[in-house]
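S.K.: Numbering (our numbering), first residue to last: 4 to 353.
Got a structure for you, written out below as structure tokens; questions coming shortly.
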Ligand SMILES: [Zn+2]
Ligand SMILES: [Zn+2]
């Protein structure tokens with residue numbers, strides 16, 4: 004390339020791209036936080052102040068800027084490709100999968116994502132910006148519900164407050180000429196032991212999309228778990244059944260077996276009540292397992308291919324789910340997040 008070695012993006016873009024690539028590569032979050040923190044520090048500063056700090060060698064005196072971030076900033080300010088960025092682009096910038104690209108291109112949005120309001124690592128607006136950069140028309144913000152205290156699940160009061168923040172983010176984005184994109188209001192609501200949903204119904208009614216998931220008592224016996232899941236699927240507020248087996252196939256949380264339930268009965272209830280079965284794209288989940296994915300396909304279920312992102316870079320995980328859906332021969336038309344926003348909203352609130 005003739006322009007090899009020159010960089011026009013500026014230091015904030017370089018730091019954000021580094022963080023994105025690290026998250027996408029599933030690196031430790033502490034590494035990522037350093038770069039995101041540094042980006043947040045210099046974002047509000049005038050460019051000449053940053054340039055002066057580079058020249059004076061005083062960048063690391065700014066809050067949250069360590070040696071490696073300072074190096075990235077200095078190189079970007081000088082118009083050079085930061086070495087750390089070049090290395091990450093080379094090692095982690097390529098496609099994540101061999102398949103799934105065609106289906107990924109057909110997706111218009113993502114129905115399952117978390118911010119730092121629950122157990123995600125980044126602010127709401129950073130998730131939204133990254134979704135825009137990935138080409139999405141919509142992102143549903145689905146932070147956890149109250150009972151999931153380990154994940155800082157949102158009380159009714161906090162969720163109510165979050166809805167105002169989502170409105171503010173949307174009006175801000177609209178003001179920046181990105182009016183095509185919407186951040187949608189959602190929740191990943193716990194399915195309680197009796198099949199009810201862990202949030203006030205009038206608040207659920209105010210949301211655009213609701214994902215319902217089991218997060219506790221995953222070892223419940225099969226008849227009770229079947230009843231519990233069907234109870235949630237029958238709830239008219241439920242739109243998506245999240246990571247249905249709860250299994251973990253890898254990762255730092257260790258492995259976890261699938262919950263036992265009558266999958267045919269649960270998926271038939273999904274068809275009857277117009278609930279999409281989530282294809283959870285997280286590499287450590289790969290949920291539903293292939294056998295169940297094929298069963299849901301054969302029973303006529305709708306699907307939603309979700310990232311379940313807990314960091315902006317993880318929004319790019321959807322292609323993992325696309326690869327699996329493509330391998331299972333699931334048509335794009337049956338995947339609700341290939342639909343335009345208006346159709347999706349009509350389906351979710353019909
Ligand atoms: Zn979940
Ligand atoms: Zn989730």
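We treat Cβ as the ideally placed atom computed from N, Cα and C, and that holds for glycine.
Only a predicted model underlies this, so the values are computations on that prediction, with no experimental measurement involved.
1) Smallest Cα separation from residue 14: which of 281, 195, 57 and 206?
2) Just list the beta strand (DSSP E) runs in the region 154-215, keeping only unbroken ones of 3 residues or longer that don't cross its boundaries, in chain order.
3) How big is the Cα-Cα spacing for residue 307 and residue 156?
4) Given 8 Å as the limit, tell me if residue 69 has its C-beta closer than that to any heavy atom belonging to ligand 4.
5) Is there contact between the region 16-25 and the region 35-42, where contact requires at least three CB pairs shorter than 8 Å?
6) Using 8 Å as the threshold, is the region 293-313 in touch with the region 116-129, meaning 3 or more CB pairs across them?
7) Is the beta carbon of residue 274 closer than 9 Å to that of residue 302?
8) Can you tell me whether residue 10 is buried or exposed, with buried defined as 16 or more other CB within 10 angstroms of its CB?
9) Are residue 243 and residue 299 touching if we call contact CB-CB under 9 Å?
10) From residue 343 to residue 102, what does the alpha carbon distance come to, in whole angstroms?
11) Consult DSSP for residue 135 and reduce its assignment to one of helix, strand or coil.
12) Once DSSP output is grouped into helix, strand and coil, what is the label at residue 10?
13) Please list, in chain order, all residues of the same chain as residue 270 whose beta carbon is under 7 Å from its beta carbon, the five residues on each side excluded.
14) Of all the options 183, 171 and 137, which has the alpha carbon lying nearest to the alpha carbon of residue 317?
15) I need the straight-line Cα distance from residue 127 to residue 324, nearest angstrom please.
16) Within a Cβ cutoff of 7 Å, which residues of the same chain sit near residue 266, ignoring the five residues on either side of it in sequence?
17) Please state whether DSSP places residue 15 in a helix, a strand or coil.
18) Collect the residues with a C-beta less than 6 Å away from any heavy atom of ligand 1 and give them in sequence order along the chain.
19) Say yes only if the C-beta of residue 145 is nearer than 8 Å to one or more non-hydrogen atoms of ligand 2, and no if none qualify.
20) Tell me whether residue 227 sits in a helix, a strand or coil according to DSSP, three-state version.
21) Using the Cα positions of residue 250 and residue 77, report the straight-line distance between them to the nearest angstrom.
22) Is residue 112 helix, strand or coil when you go by DSSP?
23) So, is residue 285 buried or exposed, given that buried needs 16 or more other C-beta atoms within 10 angstroms?
24) Between the alpha carbons of residue 59 and residue 221, how many angstroms are there, rounded?
25) What's the C-alpha gap between residue 219 and residue 261?
26) By DSSP, does residue 283 sit in helix, in strand, or in coil?
27) Which one of 61, 339, 22 and 31 has the shortest CA to CA distance from residue 256?
28) Indicate the three-state DSSP secondary structure (helix, strand or coil) for residue 81 in the structure shown.
29) If you draw a straight line from the C-alpha of residue 129 to the C-alpha of residue 212, how long is it?
30) With 16 other CB atoms within 10 Å as the buried threshold, where does residue 333 fall?
M.R.: Well, looking at it:
1) The count along the chain shown starts at 1 and reaches residue 14 at position 11. The residue from 281, 195, 57 and 206 with its alpha-carbon nearest to that of residue 14 is 57.
2) You should have 185-193.
3) The residue labelled residue 307 in the question sits at position 304 within the chain shown. The residue labelled residue 156 in the question sits at position 153 within the chain shown. Rounded to whole angstroms, residue 307 to residue 156 spans 23 Å at the Cα level.
4) Ligand 4 is not among the ligands present in this structure, which contains only ligand 1 and ligand 2.
5) Taking a cut-off of 8 Å for Cβ pairs, the region 16-25 and the region 35-42 touch, as three or more such pairs fall below it.
6) By the C-beta criterion, the region 293-313 is judged to be in contact with the region 116-129, since at least 3 inter-stretch pairs fall below 8 Å.
7) Taking the first residue of the chain shown as 1, we reach residue 302 at position 299. Taking the first residue of the chain shown as 1, we reach residue 274 at position 271. For residue 302 and residue 274, yes; Cβs fall inside 9 Å.
8) The residue labelled residue 10 in the question sits at position 7 within the chain shown. Burial call: buried.
9) As a working note, residue 243 is residue 240 in the chain shown. As a working note, residue 299 is residue 296 in the chain shown. Using a Cβ distance threshold of 9 Å, residue 243 and residue 299 do not count as a contacting pair.
10) Walking along the chain shown from the start, residue 343 turns up at place 340. Walking along the chain shown from the start, residue 102 turns up at place 99. Rounded to whole angstroms, residue 343 to residue 102 spans 23 Å at the Cα level.
11) Here the question's residue 135 lines up with position 132 in the chain shown. Here residue 135 sits in helix by DSSP.
12) Here residue 10 corresponds to residue number 7 of the chain shown, with the count starting at 1. Note: residue 10 maps to coil in three-state DSSP.
13) Reading the chain shown from its first residue, position 267 is the one you call residue 270. Excluding positions up to five away in sequence, the list reads 280, 298, 299, 302 and 304.
14) Locating residue 317 in the chain shown gives position 314, counting from the first residue. Comparing Cα positions, the closest option is 137.
15) In the chain shown, the residue the question calls residue 127 occupies position 124. In the chain shown, the residue the question calls residue 324 occupies position 321. Distance between the alpha carbons of residue 127 and residue 324 is about 23 Å.
16) Here residue 266 is taken as the residue at index 263 of the chain shown, counted from 1. Excluding positions up to five away in sequence, the list reads 295 and 298.
17) By 1-based counting over the chain shown, the position of residue 15 is 12. Helix, per DSSP.
18) The chain-ordered list of residues whose CB is nearer than 6 Å to some heavy atom of ligand 1 reads 191, 216, 218, 245 and 246.
19) The count along the chain shown starts at 1 and reaches residue 145 at position 142. At a cut-off of 8 Å, the beta-carbon of residue 145 counts as near ligand 2: some heavy atom of the ligand is closer than that.
20) Within the chain shown, numbered from 1, the residue matching residue 227 stands at position 224. Here residue 227 sits in helix by DSSP.
21) Taking the chain shown and counting its residues from 1, one reaches residue 250 at position 247. Taking the chain shown and counting its residues from 1, one reaches residue 77 at position 74. Separation of residue 250 and residue 77 (C-alpha to C-alpha, rounded to the nearest whole angstrom) is 44 Å.
22) Within the chain shown, residue 112 is the residue found at index 109, counting from 1. In the structure shown, residue 112 falls within a strand segment according to DSSP collapsed to helix, strand and coil.
23) Locating residue 285 in the chain shown gives position 282, counting from the first residue. Burial call: buried.
24) For the purposes of this step, residue 59 is identified with residue 56 of the chain shown, where counting begins at 1. For the purposes of this step, residue 221 is identified with residue 218 of the chain shown, where counting begins at 1. If you take the alpha carbons of residue 59 and residue 221, they lie about 57 Å apart.
25) Translated into the one-based positions of the chain shown, residue 219 becomes position 216. Translated into the one-based positions of the chain shown, residue 261 becomes position 258. Between the C-alpha atoms of residue 219 and residue 261 there is a straight-line separation of about 13 Å.
26) Start at 1 with the first residue of the chain shown, and residue 283 comes out as number 280. Three-state result, residue 283: strand.
27) Position 253 of the chain shown, counted from the first residue, corresponds to residue 256. Restricting attention to 61, 339, 22 and 31, the CA atom closest to the CA of residue 256 is found in 31.
28) Here residue 81 corresponds to residue number 78 of the chain shown, with the count starting at 1. Residue 81 carries a coil assignment under DSSP once its states are collapsed to helix, strand and coil.
29) Here residue 129 refers to the residue found at position 126 when the chain shown is read from its first residue. Here residue 212 refers to the residue found at position 209 when the chain shown is read from its first residue. The straight-line gap separating the alpha-carbon atoms of residue 129 and residue 212 is approximately 20 Å.
30) The sequence position of residue 333 within the chain shown is 330, counting from 1. Buried, since its Cβ has 16 or more Cβ neighbours within 10 Å.
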